[in-house]
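Take 158 as the starting number for the sequence shown in our numbering and just add one per residue.
Each residue gets a CB set at the ideal place from its N, CA and C atoms; glycine is no exception.
No experiment lies behind these values; they were computed from the predicted model shown.
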Amino acid sequence: MKKYLVIGNPISHSLSPKLQNYWLKQHNINAIYDKLKLEEKEIEGIIQDIRKQKIAGCNVTVPFKKKVIPFLDKLSIQAEQTQSVNTIIFEKGNLIGHNTDIVGFDKAIKSLNFNMKGKKILILGAGGVVPSIVFALKKMDVSEITISNRTKQKAENLKILFKNLNILEWGNLLDFDAIINATSLGLNNEKINLDFSKVGKNKLFYDVIYNPAETNFLKEGKQFGNTSENGAKMFVYQALEAFKLWHGVEPEINFETLKLLKND
Ligand code: ATR
């Protein structure tokens with residue numbers, strides 16, 4: 158039986174096995190998908206197991222999306238430009254790193270009916286998923302992208318990958334059309350220490366977090382008359398793209414799929 162994995166640290170929270178195993182069963186594919194907590198020094202060994210096809214393929218999550226790159230043979234254009242890999246496949250003798258977070262974010266936003274073209278975007282955070290979000294936003298022709306991160310240097314480092322990023326001191330706000338929480342604040346019910354009462358209405362408040370389904374950040378956005386959306390669809394769509402890469406079939410996204418994410 159083929160075996161797939163998601164690797165990361167921590168990993169216990171990951172809902173990828175639930176989703177991928179659900180789709181495997183639905184498509185009668187004889188494979189299992191598991192999660193594995195790794196230390197950095199174990200990455201090389203796991204990737205060699207993919208080369209030996211002891212493991213058929215894997216997903217990569219925080220904090221290893223960049224750290225896996227030296228052990229791969231090729232990168233997709235998106236993985237190369239974001240220096241971020243979340244899906245590894247083995248094809249014609251090559252280990253190839255893909256980035257399906259970009260398409261995940263893109264499809265999630267497009268499902269919202271919020272046109273990003275010409276809009277001013279503020280991103281909170283500069284962690285593992287932010288290069289993928291910036292890449293997707295640039296393709297949507299937004300007018301400005303500003304990054305605000307507690308550790309300013311990490312925001313500055315993103316300028317190595319992308320031109321024309323603005324940096325804002327953590328704790329400040331500026332005028333925006335859409336704000337994206339890409340920090341981990343909210344996973345444990347934390348509040349983000351920003352005053353959203355004066356930002357106006359009809360903006361988009363987007364949170365990468367999907368568990369809990371409504372963070373304080375999204376609650377506040379809604380309370381002040383804005384659209385709010387959590388990261389569930391992004392998560393499902395990135396998983397769907399990975400499934401397509403490994404198995405060549407596209408699972409259906411239905412009510413059941415989204416319910417899987419709510420059970421935990
Ligand atoms: P990583 O930083 O390892 O890539 P991540 O989960 O992708 O991990 O990113 C966590 C993000 O949440 C970072 O932007 C982090 O800010 P720092 O770069 O300053 O660490 C942000 N974050 C986590 N806890 C925070 C807190 N208490 N206040 C503000 N930002 C926080």
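Contact check for residue 343 and residue 362: beta-carbon distance about 11 Å, past the 8 Å limit, so the pair fails to qualify.
Between ligand 1 and residue 306, a heavy atom-to-CB distance of less than 7 Å is present.
By the Cβ criterion, the segment 263-276 is not in contact with the segment 231-242, since fewer than three pairs of Cβ atoms, one from each stretch, lie closer than 8 Å.
Between residue 276 and residue 332, the C-beta gap is not smaller than 8 Å, which leaves the two residues out of contact. In this structure the segment 239-257 does not lie against the segment 297-311, because fewer than three pairs of beta carbons, one per stretch, are closer than 8 Å. Annotation note: the segment 191-215 contains the following uninterrupted alpha helix (DSSP H) runs of length 4 or greater, listed N- to C-terminal: 200-208. Excluding the 5 residues flanking it on each side, residue 314 has same chain C-beta neighbours closer than 8 Å at 283, in chain order. In this structure, residue 164 sits away from residue 178, with a CB-CB distance that is not shorter than 8 Å. DSSP assignment within the segment 210-256 yields the following whole beta strand (DSSP E) runs of 3 residues or more, N-terminal first: 214-217, 244-248 and 251-255.
When the alpha-carbon of residue 305 is set against those of 324, 317 and 291, the nearest one is in 324.
Counted as a single uninterrupted DSSP element, the beta strand (DSSP E) harbouring residue 305 occupies residues 301-306. Residue 337 has 280 and 363 as its beta-bridge partners, per DSSP. Short note on residue 241: C-beta not closer than 7 Å to any heavy atom of ligand 1.
For residue 340, the Cβ falls inside the 7 Å cut-off from some heavy atom of ligand 1. For residue 347, the secondary structure class from DSSP, reduced to helix, strand or coil, is coil. Taking non-hydrogen atoms of ligand 1 into account, the C-beta of residue 283 is found less than 7 Å away from one of them. The beta carbon of residue 229 sits closer than 8 Å to the beta carbons of 204, 242, 245, 252, 253 and 254 from its chain, once the five residues preceding and following it are set aside; these are given in chain order. Residue 338 sits close to residue 364, with the two beta carbons spaced by under 8 Å. Taking non-hydrogen atoms of ligand 1 into account, the C-beta of residue 348 is found less than 7 Å away from none of them. In this structure, residue 219 has its beta carbon less than 7 Å from a heavy atom of ligand 1. By the neighbour-count criterion, in which a residue is buried when 16 or more other Cβ atoms sit within 10 angstroms of its Cβ, residue 258 is buried. Residue 388 sits in coil when the DSSP states are folded into three classes, being neither helix nor strand.
Residue pairing of residue 161 in beta bridges, as defined by DSSP: 190 and 214.
Not one heavy atom of ligand 1 lies closer than 7 Å to the C-beta of residue 225.
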